[in-house]
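Here the protein sequences line up with chains V and B, keeping their order. Every letter in the first sequence is one number past the one before it in our numbering, and letter 66, counting from 1, is 66. Every letter in the second sequence is one number past the one before it in our numbering, and letter 12, counting from 1, is 127. Data block below; observations after.
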Amino acid sequence: DAKTTQPNSMESNEEEPVHLPCNHSTISGTDYIHWYRQLPSQGPEYVIHGLTSNVNNRMASLAIAEDRKSSTLILHRATLRDAAVYYCILRDFFSGGTSYGKLTFGQGTILTVHP
Amino acid sequence: GAGVSQSPSNKVTEKGKDVELRCDPISGHTALYWYRQSLGQGLEFLIYFQGNSAPDKSGLPSDRFSAERTGGSVSTLTIQRTQQEDSAVYLCASSPGRFGLTDTQYFGPGTRLTVL
């Protein structure tokens with residue numbers, strides 16, 4: 001499986017934008033880039049995913065490099081509630097039959113948001 | 116609507132005892148996953164059920180671990196003869212399991228298992 005590399009930790013101030021990078025230099029053509037986050041004492045939750053084009057949803061934006069070897073999760077205005085561990089995960093479109101199968105979590109990036 | 120629920124939320128047991136952890140997935144989700152997260156560790160895949168297919172057990176750490184899913188819905192993870200290294204948060208997730216869609220996984224709150 002292609003691997004991802006993320007910084008161990010990042011800090012931000014409340015109401016400022018946050019850019020969380022992820023490197024995936026061995027990504028394959030059928031790998032989708034997914035982001036999940038885990039708030040303290042909770043299970044992970046889906047944030048966003050993309051293949052080639054930049055994506056936006058109510059939670060965040062995902063900027064994908066043209067060569068797809070890196071991506072950036074963008075939180076436009078960080079809040080205290082965004083303090084979490086953010087995981088960048090590659091999922092092969094064709095794996096697992098009718099489902100994408102397991103998620104392979106790395107260590108993620110611990111985001112601290114200061115008031 | 117209701118999310119993934121897990122019970123119990125906390126379980127303390129003595130070394131050598133068997134434990135059962137329960138997961139109620141989101142109604143209609145055909146895929147169900149178990150993960151565990153040890154203190155200071157990342158999330159580790161354990162087992163995955165998809166419809167009526169044989170489960171993917173590739174993540175189970177030993178034969179003391181087993182899981183079943185009855186009627187395509189509720190799942191039980193059983194750990195026999197628990198060891199202290201089994202102490203962790205056990206997380207269950209479910210997903211629609213429909214090919215071609217995002218197939219987002221929705222996680223439950225987890226069961227914190229402590230083996231004394």
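We put the beta carbon where it would ideally sit given N, CA and C, even for glycine.
For residue i, tell me which candidate among the options has the shortest Cα-Cα distance.
{"i": "residue 155 of chain B", "options": "B:200, B:127, B:207", "result": "B:200"}
{"i": "residue 92 of chain V", "options": "V:54, V:104, V:43, V:40", "result": "V:104"}
{"i": "residue 135 of chain B", "options": "B:194, B:172, B:168, B:188", "result": "B:194"}
{"i": "residue 186 of chain B", "options": "B:146, B:157, B:158, B:225", "result": "B:146"}
{"i": "residue 77 of chain V", "options": "V:58, V:46, V:8", "result": "V:58"}
{"i": "residue 218 of chain B", "options": "V:50, V:3, V:65, V:87", "result": "V:50"}
{"i": "residue 120 of chain V", "options": "V:14, V:112, V:48, V:34", "result": "Residue 120 of chain V is absent from the model: chain V starts at 1 and stops at 115."}
{"i": "residue 175 of chain B", "options": "B:166, B:192, B:168, B:167", "result": "B:192"}
Start and end of the beta strand (DSSP E) containing residue i?
{"i": "residue 15 of chain V", "result": "Careful: residue 15 of chain V lies outside any beta strand (DSSP E) and carries neither H nor E."}
{"i": "residue 31 of chain V", "result": "31–38"}
{"i": "residue 90 of chain V", "result": "84–92"}
{"i": "residue 60 of chain V", "result": "No beta strand (DSSP E) holds residue 60 of chain V; DSSP gives it neither H nor E."}
{"i": "residue 74 of chain V", "result": "70–75"}
{"i": "residue 120 of chain B", "result": "120–122"}
{"i": "residue 110 of chain V", "result": "109–114"}
{"i": "residue 51 of chain V", "result": "It is not in any beta strand (DSSP E) - residue 51 of chain V carries neither H nor E in the DSSP assignment."}
Who are the near neighbours of residue i in its chain, counting only those whose CB is closer than 8 Å to its CB and skipping five residues on each side?
{"i": "residue 141 of chain B", "result": "116, 117, 118, 119, 209, 221"}
{"i": "residue 96 of chain V", "result": "The predicted position of residue 96 of chain V is uncertain, since its pLDDT is 49 and thus under 50; a value taken from the coordinates is nonetheless stated next. Hits under 8 Å: 102."}
{"i": "residue 40 of chain V", "result": "83, 84"}
{"i": "residue 170 of chain B", "result": "162, 163, 164, 182, 184"}
{"i": "residue 151 of chain B", "result": "158, 159, 161, 203, 204, 205, 206"}
{"i": "residue 66 of chain V", "result": "none"}
Going by DSSP, which residues form a beta bridge with residue i?
{"i": "residue 159 of chain B", "result": "B:151"}
{"i": "residue 183 of chain B", "result": "B:191"}
{"i": "residue 208 of chain B", "result": "B:148, B:222"}
{"i": "residue 228 of chain B", "result": "B:126, B:203"}
{"i": "residue 178 of chain B", "result": "None, per the DSSP bridge assignment."}
{"i": "residue 142 of chain B", "result": "Paired residues: none, contrary to the question."}
{"i": "residue 9 of chain V", "result": "V:110"}
Counting only the same chain and skipping the five closest in sequence on each side, list residues whose C-beta sits under 6 Å from that of residue i.
{"i": "residue 148 of chain B", "result": "163, 208"}
{"i": "residue 25 of chain V", "result": "69"}
{"i": "residue 99 of chain V", "result": "Bear in mind that a pLDDT of 45 at residue 99 of chain V, under 50, signals an unreliable position, so the model cannot answer this."}
{"i": "residue 122 of chain B", "result": "137"}
{"i": "residue 23 of chain V", "result": "5, 70"}
{"i": "residue 15 of chain V", "result": "77"}
Quick one: residues in its chain with C-beta nearer than 7 Å to the C-beta of residue i, no 5 flanking neighbours on either side, listed in chain order?
{"i": "residue 230 of chain B", "result": "128, 130, 197, 198, 199, 201, 202"}
{"i": "residue 188 of chain B", "result": "140"}
Please tell me whether, using a cut-off of 7 Å, the distance from the CB of residue i to the nearest non-hydrogen atom of the ligand SAM is below it.
{"i": "residue 194 of chain B", "result": "As presented, the structure is devoid of all ligands, the ligand SAM included, so that no description of it is given."}
The region 63–83 of chain V touching the region 15–33 of chain V, judged by at least three CB pairs closer than 8 Å: yes
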